[in-house]
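The block underneath contains the structure these notes are about, expressed in structure tokens.
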Amino acid sequence: RKEVEQDPGPFNVPEGATVAFNCTYSNSASQSFFWYRQDCRKEPKLLMSVYSSGNEDGRFTAQLNRASQYISLLIRDSKLSDSATYLCVVKEGGRAGKSTFGDGTTLTVKP
Amino acid sequence: DVKVTQSSRYLVKRTGEKVFLECVQDMDHENMFWYRQDPGLGLRLIYFSYDVKMKEKGDIPEGYSVSREKKERFSLILESASTNQTSMYLCASSSPGGQPQHFGDGTRLSIL
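Here you go:
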């Protein structure tokens, strides 16, 4: 079983749709959580951190459930430019702070 | 903004060559990482470093070594390149604790 699991998709949605991605992790000692976005043949870029209380950045909302070891990302009013692969990332505590990346969920937003 | 710079975007080398991939970050980050990314396999950690001259093996260190002589620079070395090391190589850096990693643009390495 992978340490971080994501539904690979692909998710194909029309513009304006709301779409949600889920991620589960197995290491209960994980301390920090993030969503990254990766465009085709580019590097991953930080989309947002995920906090226990839930947090929002414009059309994006992230949630964390530590008890269930579950992270989610909600995208409202999808844009064509949201088409990308979304990576869930779980980070250990401590000095080195090793991160474990999910394999990503691919989203295609269509006109 | 954090800037992580990798020395080459594209690189073509021959089997058996010693290959150096360089990474420099400008944010005084303690931690630096090297990954490779292949279709269907996601990001895999090769090596990481949490201080100058310190290094730790990641999940797939075989065939690679690293060097961190200065805080801002982390080098990945392919001791004797093989065709199965053809991949996208990504360098990242971060502060310790709960801070996210920031990635360079990546190096697409082809070994012929």
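Chain order of the listed sequences is S and C. All residue numbers for the first sequence refer to this note's numbering, where the first residue is 1 and numbers rise by one. All residue numbers for the second sequence refer to this note's numbering, where the first residue is 1001 and numbers rise by one. Glycine residues also receive a C-beta, built at the ideal position from the N, C-alpha and C atoms. What you are looking at is a predicted structure, and each value in this text was computed from that prediction instead of being measured.
Would you call residue i buried or exposed, if buried means 16 or more other Cβ atoms sit within 10 Å of its Cβ?
i: residue 64 of chain S; result: buried
i: residue 38 of chain S; result: buried
i: residue 1030 of chain C; result: buried
i: residue 1112 of chain C; result: exposed
i: residue 82 of chain S; result: buried
i: residue 44 of chain S; result: buried
i: residue 40 of chain S; result: exposed
i: residue 1078 of chain C; result: buried
i: residue 1042 of chain C; result: buried
i: residue 91 of chain S; result: buried
i: residue 1052 of chain C; result: exposed
i: residue 1094 of chain C; result: buried
i: residue 54 of chain S; result: exposed
i: residue 1106 of chain C; result: buried
i: residue 85 of chain S; result: buried
i: residue 67 of chain S; result: exposed
Cβ atoms of residue j and residue i: under 7 Å apart, would you say?
i: residue 16 of chain S; j: residue 57 of chain S; result: no
i: residue 1075 of chain C; j: residue 1033 of chain C; result: no
i: residue 32 of chain S; j: residue 1098 of chain C; result: yes
i: residue 93 of chain S; j: residue 1096 of chain C; result: no
i: residue 48 of chain S; j: residue 29 of chain S; result: no
i: residue 1024 of chain C; j: residue 1072 of chain C; result: yes
i: residue 99 of chain S; j: residue 1101 of chain C; result: yes
i: residue 1044 of chain C; j: residue 1026 of chain C; result: no
i: residue 36 of chain S; j: residue 87 of chain S; result: yes
i: residue 34 of chain S; j: residue 89 of chain S; result: yes
Our contact map puts residue i next to residue j with C-beta atoms below 8 Å; I'd like the distance itself, whole angstroms only.
i: residue 109 of chain S; j: residue 79 of chain S; result: 6 Å
i: residue 1035 of chain C; j: residue 1090 of chain C; result: 5 Å
i: residue 1004 of chain C; j: residue 1104 of chain C; result: 4 Å
i: residue 95 of chain S; j: residue 1050 of chain C; result: 5 Å
i: residue 1087 of chain C; j: residue 1038 of chain C; result: 5 Å
Contact between the stretch 1008 to 1023 of chain C and the stretch 101 to 111 of chain S (3+ Cβ pairs under 8 Å): no
The stretch 1001 to 1010 of chain C contacting the stretch 1054 to 1071 of chain C, beta-carbon criterion three pairs below 8 Å: no
Residues in the stretch 94 to 110 of chain S having any Cβ partner in chain C nearer than 9 Å: 94, 95, 96, 97, 98, 99, 100, 101, 102, 103 and 104
Contact list for the stretch 1059 to 1070 of chain C against chain S, Cβ threshold 7 Å: none
Inter-stretch contact at 8 Å, needing at least 3 Cβ pairs: the stretch 2 to 21 of chain S / the stretch 68 to 77 of chain S: yes
Near-chain C residues of the stretch 60 to 93 of chain S (beta-carbon distance less than 9 Å), N- to C-terminal order: 87, 89, 91 and 93
Residues in the stretch 17 to 28 of chain S having any Cβ partner in chain C nearer than 8 Å: none
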